[in-house]
Structures are given as structure tokens and as C-alpha cells.
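Counted from 1, the sequence shown has number 20 at position 20 by the UniProt record's numbering; the numbering is strictly sequential.
Here a beta-carbon is modelled for each residue, glycine too, at the ideal position from N, C-alpha and C.
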Amino acid sequence: MAAETNDLSDRALSIFSFAAYHHLISGQPISSVVRRDGSGHRADPEGAAEVESRGLATLSDDEITFTEPGVAFVEQVVAAIRQATGR
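Given below as C-alpha cells:
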């Protein structure tokens, strides 16, 4: 299945925004994010299901692991944030 990023819902975009945050803080590419942290914080279930159904990630109980196209999309989100600030 080919990954598809057109018309992602805001719930799915929240997953990529969280990954972009971690990329910007760490300066490192992000290949996965926590799905549930055990302290009550969790990724939006509908957003997580959407990124999985679009071939952008695989899901485990506690983690969202981006596929190659998913990692590339995280990088696109980071680039768009930087571009929006003139960087």
C-alpha cells in the first residue's frame, strides 16, 4: 500500500505535530512517538488509526512507529514550520 498524506485530518496531523515538536527539540529525525505514556497522556486514537491506515505508521499498544514515508512527512512538517518563520 502506498502512503497517502493528502487531506489528513487534524487528528492525524496532531500525531505529526507531536513528532515535529520532538524533532525540533532534539535536532534529530524522529521515527516513532509514544502512543500511551502510562500517565494518562495518549495520542488521539482516531488520528493514530488514520496514520496507520494511510501507510504512514504502524501501531503498538504504546508506540506509533513511522514508516519511511511517515518519517519523510515528519521532515516536511518540520520544514514547513521553519519556512513559516522565514528560516
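query, result
"Per-residue burial, R35 [other beta carbons within 10 Å of its own, 16 or more giving buried]", "buried"
"Same chain only: Cβ atoms within 6 Å of E52, ignoring 5 sequence neighbours per side", "L59"
"Beta-carbon spacing of F66, S31 below 8 Å", "yes"
"Cβ shell of E75 (< 8 Å), same chain only, five flanking positions each side left out", "H23 and P29"
"CB of F73 within 8 Å of CB of F16, strictly", "yes"
"CB-CB length for G70 against R11, believed under 8 Å", "Between R11 and G70 the Cβ distance is about 15 Å, and since that is not below 8 Å, they are no contact."
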